[in-house]
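Number of protein chains: 2
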Amino acid sequence: MTYSIAQAAERTGLSVDTLRYYERIGLLEPPARDSGGRRVYSDADLTWLDFLTKLRLTGMPIRMMREYAQLRYRGVMTAGRRKQLLVEHRADVLERIAELRSCLDVLNYKIDNYDQILRDQAARERAAATPEEATA
Amino acid sequence: MTYSIAQAAERTGLSVDTLRYYERIGLLEPPARDSGGRRVYSDADLTWLDFLTKLRLTGMPIRMMREYAQLRYRGVMTAGRRKQLLVEHRADVLERIAELRSCLDVLNYKIDNYDQILRDQAARERAAATPEEATA
DNA sequence: GTAGAAGTTGAAGCGCACTCCAGGTCAACC
DNA sequence: GGTTGACCTGGAGTGCGCTTCAACTTCTAC
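Sequences listed follow chains C and F, in order. Residue numbers for the first sequence follow this note's numbering, beginning at 51 and rising by one. Residue numbers for the second sequence follow this note's numbering, beginning at 51 and rising by one.
Structural data, given as structure tokens:
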């Protein structure tokens, strides 16, 4: 299967502008062109773009993605370095998850606090509405 | 306890410039000033800054942090809305963690792949070093 | 054969969250 | 009382990751 840039954008969830941008900065090897000079993306291109998207989602900086891409072009002998990049990045992702979890604890604590405050407020309002009960 | 801007920066892990920036954009109520016009941060200021830092770490956009800050200035009657903001943001954080986990799976899969490739490479190198074994 | 949609290029622009700079004030120490 | 260093202000600059623009070409359908 082959895809126009619009189809590739649709399938990867990236914009056509981003596809051209990724090509320009060297994340993507220039795809084939049709007789009219238009880009023609292959399934392999899309697979690679999907993987890039995963890396982006995890916050890998573009310069690191570029290094990875360049190594890939240079073939199987760069597998060691590529693995190393991914292992390093995985450590970053794990750290990030741990960080988010710890912030989540704070968030939960705060939300519980607000629950308490709001319950107290509601109780005071009920008391104000039925003042005869207030001293009971 | 009170703190100079440098001490506040040190304790919160933010830069001096960022502290002034946060104040300028309304994340932080202008702290007290000493006789020479210098900022004097209180413990309450630092506590608030710590919380802001948590929110930033979880990727809350500054415009949302600002909304939260403005509500806080307006007092206890805004507790409901503030809780709502935190609850919404908590959902975002949970989603983000799930996303990272799913990317982590891809990362692990890729790394396993590289392990396999590298093992095969090593095996071929051993075979090349002792060719008489290659046919055994 | 002409309109309109989709594609091309190089370059400029944007939103975010800071970060840095120039030029000045103030307080503390020698 | 002179120097040093921390702090002040308003405003400009930065890096990242796109996004938009202008001007042009090409294909498709009527």
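Glycine included, every Cβ here is placed at the ideal spot set by N, Cα and C.
Inclusion of residue 135 of chain C and residue 118 of chain C in the CB contact set at 8 Å is warranted, their separation being smaller than that value. In the DSSP assignment, residue 91 of chain C is bridged to C/53.
Per DSSP, the unbroken alpha helix (DSSP H) holding residue 115 of chain C starts and ends at 112-123. Against chain C, the beta carbon of residue 107 of chain F has neighbours under 9 Å at 149, 150, 152 and 153, listed in chain order. According to the DSSP assignment, residue 73 of chain C belongs to the alpha helix (DSSP H) that extends over 66-74. Residue 64 of chain C and residue 55 of chain C do not touch by the CB rule: their CB atoms are close to 10 Å apart, not below 8 Å. Residues are counted here when their Cβ sits less than 8 Å from a Cβ of chain C; for the stretch 86-112 of chain F these are 101, 104, 105, 107 and 108, given in chain order.
Linking residue 101 of chain C to residue 122 of chain C through their CA atoms gives a straight-line distance of about 13 Å. Per the coordinates, the alpha-carbon of residue 173 of chain F lies some 12 Å from the alpha-carbon of residue 165 of chain F.
With a cutoff of 8 Å on beta-carbon distance, residue 105 of chain C and residue 58 of chain C are scored as not near each other.
With a 10 Å radius around the Cβ and a threshold of 16 neighbouring Cβ atoms, residue 62 of chain C comes out buried.
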